[in-house]
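Enquirer: Here the sequence shown stands for residues 1 to 197, where the numbers follow my numbering.
From the three backbone atoms N, C-alpha and C, an ideal C-beta is built for every residue, glycine too.
This structure is a prediction, so every number in the text was calculated from the model and none was measured.
One structure coming up, written as structure tokens, with questions to follow.
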Amino acid sequence: MNISDEQLVQKFRSGDEKALEKLIDRYLKQLYNFTFQLVGDQNVAQDLVQEVFVKMWKHLASFDKNKKFSTWLYAIAKNSAYDWLKRKKTLPFSVFESADGGNLLEIIEDQNFLNSTDLWQKMDNAKDAQRFLDTLSPEMKTIFLLHFQQGFSLVEIAEILGAPSNTVKSQFRRAIIFLKNAPFSNNINAPKPFSVS
1 MNISDEQLVQ
11 KFRSGDEKAL
21 EKLIDRYLKQ
31 LYNFTFQLVG
41 DQNVAQDLVQ
51 EVFVKMWKHL
61 ASFDKNKKFS
71 TWLYAIAKNS
81 AYDWLKRKKT
91 LPFSVFESAD
101 GGNLLEIIED
111 QNFLNSTDLW
121 QKMDNAKDAQ
131 RFLDTLSPEM
141 KTIFLLHFQQ
151 GFSLVEIAEI
161 LGAPSNTVKS
171 QFRRAIIFLK
181 NAPFSNNINA
191 PKPFSVS
């Protein structure tokens with residue numbers, strides 16, 4: 001029987017320390033991949049994941065059981081990564097975004113938006129994927145990673161980011177436009193999965 005995250009949280013709250021270990025095991029590699037893609041440094045990603053799990057442990061007692069655990073956990077990871085990027089003052093900004101948050105490539109056809117998964121799968125390898133992700137702003141990169149790597153819906157991503165759904169959808173569309181125009185977007189092979197080395 002596959003026990004849910006929320007059931008594990010409840011078990012931990014009831015004194016079952018093993019439940020915490022199971023949650024950590026369940027999310028360790030996923031959170032490492034996510035934070036590494038955001039910060040681009042293996043050691044920092046490892047430190048951030050440890051920080052995320054410490055914060056998770058400290059705040060599990062106040063976790064709202066009516067919410068989805070994974071969105072709560074990824075919100076912690078996103079905030080930790082953003083805090084580190086701000087301290088480093090190395091936030092990359094998309095070449096398509098202006099200082100006022102506008103974008104020259106705002107218009108996109110709905111059918112192209114719906115085919116975004118096909119676009120992502122056309123990238124040849126993880127190197128192409130990383131090259132693409134490195135050109136995005138932290139917010140757009142986060143949305144892309146949460147959607148394609150972690151499988152969150154745009155509504156769930158909006159919850160993780162604490163942002164309006166329309167804003168998330170707009171940023172996702174911008175990333176898709178950029179992906180469509182990327183020099184490697186004509187490749188036909190699916191990307192190799194990101195993994196912990």
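(1) Taking the C-alpha atoms as reference points, what is the distance between residue 44 and residue 11?
(2) Among 5, 37 and 24, which one has its Cα closest to the Cα of residue 139?
(3) Note down the Cα distance separating residue 62 from residue 76, rounded to an integer number of angstroms.
(4) Let me make sure I understand the geometry here. Which of 71, 28 and 60 has the alpha-carbon closest to that of residue 46?
(5) Report the CB separation of residue 39 from residue 81 in whole angstroms; it is logged as a contact under 8 Å.
(6) Compare the C-alpha of residue 23 against each of 130, 143 and 2 and name the closest.
(7) Find the nearest neighbour of residue 167 within the set 70, 64 and 143, judged by alpha-carbon distance.
(8) Can you round the beta-carbon distance between residue 160 and residue 147 to whole angstroms, since I take them to be within the 8 Å contact cut?
(9) In terms of residue numbering, what span does the alpha helix (DSSP H) encompassing residue 170 cover?
(10) Only counting the same chain, and skipping five residues up and downstream in sequence, which positions put a Cβ closer than 8 Å to that of residue 52?
(11) Does the Cβ of residue 155 have 16 or more other Cβ atoms within 10 Å, making it buried, or fewer, making it exposed?
(12) Would you kindly report the start and end of the unbroken alpha helix (DSSP H) that includes residue 59?
Expert: In brief:
(1) If I take the Cα positions, the gap works out to 31 Å.
(2) Nearest option by C-alpha distance: 37.
(3) Computed Cα separation, rounded: 14 Å.
(4) Nearest C-alpha to residue 46: 28.
(5) The Cβ separation is near 6 Å, so the contact holds.
(6) For residue 23, the nearest C-alpha among the options comes from 2.
(7) Closest by alpha carbon: 143.
(8) Not a contact, Cβ separation roughly 11 Å.
(9) First-last of the alpha helix (DSSP H) with residue 170: 165–181.
(10) If we look at residue 52 and ignore the five residues flanking it on each side, its Cβ neighbours are 31, 35, 73, 76, 77 and 80.
(11) Counting Cβ neighbours within 10 Å, residue 155 comes out exposed, since fewer than 16 surround it.
(12) Segment 42–59, the alpha helix (DSSP H) holding residue 59.
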